[in-house]
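This report refers to the structure that appears directly beneath it.
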Amino acid sequence: MQTGRDAPKVGALAEIAKVASTCTLCRLANGRTNVVFGMGNPAADLMFVGEGPGEQEDRQGLPFVGRSGQLLDRLVLEEMGLTRQDFYIANTVKCRPPGNRDPLPDEIEACSPYLEKQLELVNPRVVVTLGNFATKLLLATTDGISRLRGRAYPYRGGQLVPTFHPAAALRGGGQVVAQMRADLVRAKEILGAARSGRAQKS
Ligand code: SF4
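See below:
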């Protein structure tokens, strides 16, 4: 839940979003319709980090609003009981790679200060990375998502839970969806433990 104490962080995120909205730091600026900065609750203790905007996201300027996003919303609701008001969500690159190709290393590097700021300001207890690009960037590893998922990693004083990108779940079918569900349950349990630890201290 957002409170008056969150106003500075909301303002700071809005300032960075404004800077990003005219960003030309990498070639992805050339083909975009909108910069897709991020959305959700900036006071949340849960943050999802995806890959980059697709066609629908580029058109609407919002993350995860296409078929992948609908699947993610459904799985998060079913496994965690949460909706978009309960978490913050952003991507590794803020502009759509042409034809939905993978973002290139120099594009990820150019865009990473925006994500870094979002992580710093939202300061979530649990980060769920969706797919290879976010996971590799935030864990600073070259290992792939199939190898990395299935456990949580210490991250910025909290925990990072890697899972598949929902687009992979759409392609991969039941087994990938089942693994995503298990990862979301893991994230929920860690979040629950962090919340009860905080409640006991206060
Ligand atoms: S992808 Fe990121 S770094 Fe590249 S132009 Fe867009 S906002 Fe700037």
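Residue numbers 155 to 356, in my numbering, belong to the letters of the sequence shown in order.
For every residue, glycine included, the Cβ atom is placed at its ideal position computed from N, Cα and C.
As the structure is a prediction and not an experimental result, all values here were calculated from the model.
Query	Result
Rounded to the nearest angstrom, what separates residue 203 and residue 238 at their Cα positions?	13 angstroms
The ligand SF4 heavy atoms versus the CB of residue 244: any closer than 7 angstroms?	no
Taking 7 angstroms as the cut-off, is the beta-carbon of residue 169 closer than that to any non-hydrogen atom of the ligand SF4?	no
Using alpha carbons as the reference points, say which of 276, 210, 230 lies closest to residue 252.	210
Would you mind giving the Cβ-Cβ distance between residue 281 and residue 327, rounded to the nearest angstrom? I have them listed as a contact below 8 angstroms.	At roughly 26 angstroms, the Cβ-Cβ gap does not stay under 8 angstroms, so residue 281 and residue 327 are not in contact.
What did DSSP end up calling residue 247 once you bin it into helix, strand or coil?	coil
Could you check the C-alpha separation between residue 264 and residue 275 for me, to the nearest Å?	19 angstroms
In chain order, what residues have a CB nearer than 7 angstroms to some heavy atom of the ligand SF4?	174, 177, 178, 179, 180, 182, 183, 186, 189, 247, 248, 249, 261, 264, 265, 268
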